[in-house]
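J.:
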Amino acid sequence: MDEEINQPLLKQSSSNVIVHYKVVKEAEEDLKTRVWIESRKLWHIVGPSIFSRVASGSMNIVTQAFAGQLGDVELASISIANTVILGFNFGLLLGMASALETLCGQAFGAKSFLLLPVYVYATPVLKVLGQPDDVAEQSGLVALWFIPIHFSFAFQCPLQRFLQSQLKTGVLVWVSLVAIVVHVFISWLFVYQFEFGVVGLAIALDISWWILVFGMLGYTVCGGCPDTWTGFSVQAFSGLWDFLKLSTSSGVMLWYNAYQCNIKNATVAVDALVRVANELGAGNGKAAKFATKVSVVHSTLIGLLFCVLIMVFHDKLAVIFSSSTQVREAVDKFSYLLAFTILFNSVQPVLSGVAVGSGWQAWVAYVNLGCYYLVGIPIGIVMGWVFNLGVEAERATTHIEKLSSGPVRIVS
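Residue numbers (our numbering): 689 to 1100.
1) If you drop the 5 nearest sequence neighbours on each side, which residues of the same chain put their C-beta closer than 7 angstroms to that of residue 996?
2) Between 740, 1012, 1066, 762, which lies nearest to residue 886 when the distance is taken from Cα to Cα?
3) Is it buried or exposed for residue 906, if we count other Cβ within 10 angstroms and need 16 for buried?
4) So the alpha helix (DSSP H) residue 907 belongs to, where does it begin and stop?
5) Anyone know if the C-beta pair for residue 987 and residue 860 falls short of 7 angstroms?
6) With distances taken between CB atoms, is the gap from residue 999 to residue 1018 smaller than 7 angstroms?
7) Counting C-beta neighbours from all protein chains within 10 Å, is the total for residue 1071 16 or more, i.e. buried, or is it exposed?
8) Should residue 847 be labelled buried (16 or more other beta-carbon atoms within 10 Å of its own) or exposed?
9) Quick one: measure Cβ to Cβ for residue 743 and residue 868, integer angstroms, because I've assumed they're closer than 8 angstroms.
10) Do you know offhand how far residue 942's Cα is from residue 1015's?
11) When you compare the segment 862–877 with the segment 717–724, are there three or more beta-carbon pairs, one atom per stretch, that lie closer than 8 angstroms?
12) Starting from residue 844, follow the alpha helix (DSSP H) in both directions and report where the run begins and ends.
13) Could you say if the segment 909–917 and the segment 763–770 meet the contact criterion of at least three C-beta pairs nearer than 8 angstroms?
14) Excluding five sequence neighbours on each side, which residues of the same chain lie with their C-beta closer than 7 angstroms to the C-beta of residue 1002?
15) Leaving out five residues before and five after residue 724 in sequence, what residues of the same chain have Cβ atoms less than 7 angstroms from its Cβ?
16) Quick one: complete alpha helix (DSSP H) runs, 4+ long, within the segment 712–771?
17) Could you tell me how far apart the beta carbons of residue 852 and residue 746 are, in whole angstroms, since I believe they sit closer than 8 angstroms?
18) Going by C-alpha distance, which of 872, 876, 889 is nearest residue 827?
19) Beta-carbon separation of residue 991 and residue 1039 under 7 angstroms?
20) Compute the beta-carbon to beta-carbon distance between residue 873 and residue 891, rounded to the nearest angstrom, for a pair I have assumed lies under 8 angstroms.
21) Taking 8 angstroms as the limit between beta carbons, can you name the residues of its chain near residue 752, skipping five residues before and five after?
22) In this structure, how does DSSP classify residue 1075 when only helix, strand and coil are distinguished?
23) In or out: residue 1063 buried (at least 16 other Cβ within 10 Å) or exposed?
24) Are residue 901 and residue 983 closer than 7 angstroms when you measure CB to CB?
25) Excluding the five sequence neighbours on either side, which residues of its own chain have a C-beta within less than 8 angstroms of the C-beta of residue 1093, listed in chain order?
26) Report the rounded CA-to-CA distance for residue 833 versus residue 748, giving the unit in angstroms.
27) Taking the alpha-carbon of residue 1012 as reference, which of 750, 1037, 758 has the nearest alpha-carbon?
28) Of the choices 980, 750, 1004, 1035, whose alpha-carbon is the least far from that of residue 727?
29) Is residue 875 closer than 7 angstroms to residue 750 when the C-beta atoms are compared?
30) For residue 1034, which residues in the same chain have their Cβ closer than 7 angstroms to its Cβ, ignoring the five residues on either side in sequence?
31) So the alpha helix (DSSP H) residue 871 belongs to, where does it begin and stop?
32) With distances taken from CA atoms, which of 1006, 1004, 904 is nearest residue 844?
33) How about residue 835 and residue 897: do their beta carbons lie closer than 7 angstroms?
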């Protein structure tokens, strides 16, 4: 009886077991092969994009590093001009570029001129927002010299998307490499040789961003894209209403993201956008779904890597930006919060890239605004007034004011 109980309900021959084993093994190997192929496609796009983003982003970091050597007020003014004033219209221009990359002139004419008064009156605006007078005045000065960068954004955003959508990321690598090398040299030249101060740093950044534009534009119009670039045509303005609707959604989504967190895994988001858009364009929904999963895994691993690096080197993050002990201690206190913020934020850019590739910008814009006003602001109130993290920010401001209590040299 016991032997009958232990007998399988369905008799399986040894050949059936072997066939089943082969099927399972082939399925596992097929999954590994698919992951490997998709990973190669991902890094074929991400690798050059990472270098391009790191190089172009390093221009801002180099500028802030040189400013930190000039003084804490100079560092604060460059940081405010970079993160707040430059970011004011960057998201809107980037949204228009994501909507229709070829309409570079449309982005130029629609946004840049209208925002110029903001930069002209940056000093009184920053004073109203509570910035110290010396920081506000120097930030306003830097903002005026940063105006040429805003016009470069109007060209750089659509040109970059135009080349990325055709997988011509190698061009971005070489252009970015030239730009960062030139930027380091002219920053050193203007600061230490000509002693132009923060104005020299602003001019150096202007030149470097326009090098990116001229490099990409030269490649595009001089035969680098023979299949997709045939010259300027009025046909580029066909379907303008659809473009405006899509660009508005993209602008809201990306403008919020630019202010939400400036350190993001944007390169993998670019890959997710390109891969999903390509697969959906080919009518291959399953491949688009699989590309999304692989991109999320890779982005999470990258976020984990940077989280660990920040936690390990938490006391050395501010060394390249400032020699002030108070500033370095203030950065050290928030390093762990920064580390976990980067980790938790590693998935969101990929999902945003999937949304852009799928044409869901409007929905993501609603989600972003809801998260900001319904979640972000209440958490900020709790952290500021319940856990007294706002007191730490006030103390840091006091330290800066004490360190800059002497006469501030503003170069004009």
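Using N, Cα and C, we set each Cβ at its ideal position, and we do this for glycine too.
A quick note: this is a predicted structure, and the numbers were derived from the prediction, not measured.
T.: According to the structure data:
1) none
2) 762
3) exposed
4) 885–907
5) no
6) no
7) exposed
8) buried
9) 4 angstroms
10) Reliability of the predicted coordinates at residue 942 is poor, the pLDDT of 48 falling under 50, and the value obtained from them is presented with this limitation in mind. Cα to Cα, the separation comes out at about 30 angstroms.
11) no
12) 835–852
13) no
14) 1020, 1023, 1024
15) none
16) 760–768
17) Not quite, the Cβ-Cβ distance comes to about 19 angstroms (not below 8 angstroms), so this is no contact.
18) 889
19) no
20) Not quite, the Cβ-Cβ distance comes to about 13 angstroms (not below 8 angstroms), so this is no contact.
21) 763, 766, 767, 770, 1009
22) coil
23) exposed
24) no
25) With a pLDDT of only 39 at residue 1093, under 50, the local geometry of the prediction cannot be trusted, and the value read off the model is given with reservation. Closer than 8 angstroms at Cβ, skipping near neighbours: no residue.
26) 14 angstroms
27) 758
28) 980
29) yes
30) 953, 987, 988, 990, 991
31) 857–876
32) 904
33) no
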